[in-house]
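J.: Quick one: the structure is below, questions incoming.
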Amino acid sequence: MSTVIKVENVSKLYRLGEVGTGSLAHDVNRWWHKIRGKEDPYLKIGQVNDRTKSISNSPTETLSTSTSAQEMDYMWALKDISFEVKQGEVLGIIGRNGAGKSTLLKILSRVTKQTTGRIKVKGRIASLLEVGTGFHPELTGRDNIFLNGAILGMRKTEIAAKFDEIVEFSGCARYIDTPVKRYSSGMYVRLAFAVAAHLESEILILDEILAVGDAEFQKKCLGKMKSVAGEGRTVLFVSHNMAAVRQLCERLLLVVNGEVKSTGDVDSTLLAYLSQEVATNQQWIRPLGSSPSAGEFSSISVELLGIQPEHELLLTCILKLETTNSVMIAFDVSDSNGTVLMQALPYSEPFIAGLGNHRVEVRIALPPLIPRAYEISAWMGTHNTETTDYIERCVRFEVIQSPNAKRSFPHTADHGWIAPRTLSCKITKP
Amino acid sequence: MIMEPETPWWDLHLQDIWHYRDLLWMFVRRDFVAVYKQTVLGPLWFFIQPLITTVVFTLVFTGIAKISTDGLPPMLFYLAGTTPWNYFANCFTKTSNTFVANAGIFGKVYFPRLVIPLSVVISNLIQFSIQFLLFIGFWTYYMAAGAKLSPNWPMIFTLTPPLLLLLALLGLGTGIVVSSLTTKYRDFTFLVAFGVQLAMYATPVIYPISQVPEKYRWLIQLNPMTAPIETFRAIFLGGEIPWLALGISTGTATIILLLGILIFNKVEQSFMDTV
């Protein structure tokens, strides 16, 4: 089979921080280098794409002589990415949030340009980084099908030829001449997906769009994608939904910190993904210069151990007591918006005593959680109503695996963060 | 297709726009349908705005400031200035925020970005037509009432369309230059709003060029908008058509537009990173 996409050493440099007068100075400097025929000075100093590192929590990096604040302003979102996609292949691209998957897709779909490297593509690429791009609420469903189709690169005649099919797939036939602002959100995404699903292009790029509509419609979408892949079209599919990836893809590309970590068959790459060190080793260290109180945390770190549904948290904290009263500690687990989901209380009465430093290791059994980032707040007190220290949302961990390996549709927070295990489910004749 | 980090500056891939011509019409249609949805007066607003502006101009500039209108009826004089000026100004302001206003769509899907400013220029023709009708209405009224007008009939029919095209090119050219600059430095957006207002006073919209002191007239004539406005008045109300100035203005417009397309083309490749 012939190669339809060939990506050669593609890198993408991003500038972090605000655009202000500093960026003007950089632009001038860059231009000055360019007219003298020299290399862009900022290409050399980019940092590896690892968003977990920042100046505040990686003290070793700021102390080393080679890293100045200026260099921290640039980051390689992608670094020397090379891979090939063959005709008719369904390639899944996986990786943690911020690993560079979306940047890669954006470059492939020509939304932005790579900094270095080249890409060869044979055939028309249609990309779906979002459903319903360009939908206008005042226009009718009919008008929006044509508008959205045209935005995605279809000619009017092509859309007209597929119009009935699109309407039928969406199940919105009755409302097709109603402005879409009167649609329910479900109908809206159905219509949007329907247009996208009927794109005629040799190469299709899909990003996480499975997460639309109700369970029934998601099944329909997945089925449609499968049949699209079966038609011999090439599909690039980015998703966090491991079950969908397993169902759809023939080959996977694992992106870690902007680099291709491994590529190959589905099972071995998935294993590499799941066993990679996730953003769990996060550590919080008390900033210097704060006045010591009766008792306080000096550092807190978290580690996620095991694989769902039997996973646990290992919390390690160093605390310093300046009082003879003994203290107790508690940890709140919240979602990334700060909604507290549960509290872990190792002992229900003060149990740490003695002046000076203490190292406390707490292991907590976690309930089955939906894939998402979670945050931990640490509390310390001499009594359940007397707080001596409270560090809000100081460390985070990320659950990447679904609590139910067989589940084929994504989890949404609408149904809660905890997915309890089913112990038994019997069917009997009454 | 090969995607390189940087394409040569002469590669404008204008054939892409041809491929996306259906999208261009779709955007025009969207603008047309969407603008006056849920307003009671609808397209009447297009009448009300220029009408009130003209009345105010007549009161202030003729009534109070007593600026000459070269013996022409003031209402007609101002309408003949504001109608073409508004078309240019609308094209300019609405294309000048192309990148910032459409960042959402641009960040999700590729299509030739130039389609958006082109569609804006076309859909603005609707507003222009309505204002033009208003002008023609007053014009007919004044002619019937026996005002001293000497319209240049052959030129009305031959020169109006190219004049409109010139206004569109000027609006589009300057608009896309500014839109390309605003992606990184938003400072320009502040300039646009009051810049357009100031530019109107640097153009003979509310005064005839004959009122400008001989010494400074060249300065006003440097403005590429001067010739089209003067020509518009000349063919409808009477007067000399400034052919030379019109030619220079066309040349300037072409240069600005080419420059605009070049910068626009350069910026569209990477603006998502800076917008």
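Quick note, the sequences are listed as chains A and B, same order. The opening position of the first sequence corresponds to residue 951 in the working numbering, with each subsequent residue numbered one higher. The opening position of the second sequence corresponds to residue 2 in the working numbering, with each subsequent residue numbered one higher. Note that beta-carbon positions come from the ideal geometry of N, C-alpha and C, so glycine has one too.
#1: Are the C-beta atoms of Val179/B and some chain A residue less than 8 Å apart?
#2: Relative to the C-alpha of Gly1042/A, which candidate in Val1345/A, Ile1268/A, Ile1155/A, Phe1096/A has its C-alpha closest?
#3: Taking the alpha-carbon of Ala1294/A as reference, which of Met1330/A, Pro1259/A, Glu1348/A, Thr1128/A has the nearest alpha-carbon?
#4: Thinking just about the alpha-carbon of each residue, which of Val1040/A, Val960/A, Ser952/A is nearest to the one in Gln1064/A?
#5: Quick one: complete alpha helix (DSSP H) runs, 4+ long, within the region 1146-1205 of chain A?
#6: Got a sec: is the Cβ-Cβ distance from Leu24/B to anything in chain A below 8 Å?
#7: On the DSSP letters alone, give me the boundaries of the beta strand (DSSP E) that Asn1307/A sits inside.
#8: Where do the N-terminal and C-terminal ends of the beta strand (DSSP E) with Ala1363/A fall, by residue?
#9: Decide if Asn1287/A is buried, meaning its Cβ has at least 16 other Cβ atoms within 10 Å, or exposed.
#10: Name, in chain order, the residues that DSSP records as bridge partners for Thr1213/A.
#11: Below 6 Å CB to CB, which residues in the same chain sit around Glu1088/A once its five sequence neighbours on both sides are set aside?
#12: Counting beta carbon pairs with one atom in the region 230-248 of chain B and one in the region 1355-1368 of chain A, are three or more of them shorter than 8 Å?
#13: State the beta-bridge partners of Cys1267/A as determined by DSSP.
#14: How many angstroms separate the CA atom of Val61/B from the CA atom of Leu245/B?
#15: Could one say the Cβ of Ser1374/A lies closer than 8 Å to chain B's Cβ atoms, at least one of them?
#16: Whole-angstrom Cβ separation of Leu1172/A and Gly1045/A, contact assumed at under 8 Å?
#17: Since His20/B sits in a beta bridge, which residues does DSSP pair it with?
#18: Compute the Euclidean distance between the alpha carbons of Pro209/B and Ser69/B, then round it to the nearest angstrom.
#19: Whose Cβ in chain B lies nearer than 9 Å to the Cβ of Val1071/A?
#20: Closer than 8 Å, CB to CB, is Ala35/B near chain A or not?
#21: What span of residues does the beta strand (DSSP E) with Leu1102/A cover, start to end?
#22: On the three-state DSSP scale, how would you describe Lys1379/A?
#23: In its own chain, which residues sit with a C-beta less than 6 Å from the C-beta of Asp1282/A, not counting the 5 before and 5 after it?
#24: Is it true that the region 1072-1081 of chain A meets the region 1108-1115 of chain A, where meeting means three or more beta-carbon pairs spaced less than 8 Å apart?
#25: Got a sec? Which residues, its chain only, sit under 6 Å from Asp1217/A by beta carbon, not counting five neighbours each side?
#26: Taking beta-carbon pairs under 9 Å, can you tell me which members of the region 1042-1061 of chain A lie near chain B?
#27: Within 10 angstroms of its Cβ, does Gly147/B collect 16 or more other Cβ (buried), or is it exposed?
#28: At a CB-CB cut-off below 9 Å, which residues of chain A make contact with Asp12/B?
#29: Taking C-beta pairs closer than 9 Å, name the residues in chain A that Gln270/B reaches, listed in chain order.
#30: How about the region 107-116 of chain B and the region 196-206 of chain B: do they share at least three Cβ pairs that are nearer than 8 Å?
#31: Considering Cys92/B, what are the terminal residues of the alpha helix (DSSP H) in which it resides?
#32: Please classify Ala1123/A as buried or exposed, where buried requires at least 16 neighbouring CB atoms within 10 angstroms.
#33: Using the three-state DSSP reduction, which class does Pro225/B fall into: helix, strand or coil?
#34: Measuring only between beta-carbons, confirm whether Phe1096/A sits less than 8 Å from chain B.
#35: So with Cβ pairs under 8 Å, would you call Ile1153/A a contact of chain B?
#36: Beta-carbon within less than 7 Å of Arg218/B's beta-carbon, same chain only, minus the 5 sequence neighbours each way: which residues are those?
T.: To lay it out plainly:
#1: no
#2: When C-alpha distances from Gly1042/A are compared across Val1345/A, Ile1268/A, Ile1155/A, Phe1096/A, the shortest belongs to Ile1155/A.
#3: Nearest of Met1330/A, Pro1259/A, Glu1348/A, Thr1128/A to Ala1294/A, Cα basis: Met1330/A.
#4: Val960/A
#5: Runs of the alpha helix (DSSP H) lying entirely within the region 1146-1205 of chain A, each at least 4 residues long, are 1165-1180, 1192-1198 in chain order.
#6: Output row for Leu24/B: interface = yes.
#7: 1306-1315
#8: That residue, Ala1363/A, is in no beta strand (DSSP E); it is neither H nor E in DSSP.
#9: By the 10 Å Cβ count, Asn1287/A comes out exposed.
#10: According to DSSP, which records beta bridges pairwise, Thr1213/A is partnered with Leu1203/A.
#11: Closer than 6 Å at Cβ, skipping near neighbours: Pro1129.
#12: no
#13: Ile1250/A, Val1310/A
#14: 33 Å
#15: no
#16: That pair is no contact at about 21 Å.
#17: Paired residues: none, contrary to the question.
#18: Straight-line Cα distance between these residues: approximately 7 Å.
#19: Met2, Ile3, Met4
#20: yes
#21: Here Leu1102/A belongs to no beta strand (DSSP E), and DSSP marks it neither H nor E.
#22: coil
#23: Val1290, Gln1293, Ser1327
#24: no
#25: none
#26: With the criterion set as a beta carbon lying under 9 Å from some beta carbon of chain B, the members of the region 1042-1061 of chain A are Lys1056, Ile1057, Leu1058, Ser1059, Arg1060, Val1061, in sequence order.
#27: Per the 10 Å Cβ criterion, exposed.
#28: What Asp12/B touches in chain A: nothing, since even the nearest Cβ is about 13 Å away.
#29: Arg1060, Thr1062, Lys1063
#30: no
#31: Looking at the DSSP string, the run of the alpha helix (DSSP H) that includes Cys92/B is 75-96.
#32: exposed
#33: coil
#34: yes
#35: Proximity of Ile1153/A to chain B, defined by a Cβ-Cβ separation below 8 Å, is not satisfied.
#36: Ile210
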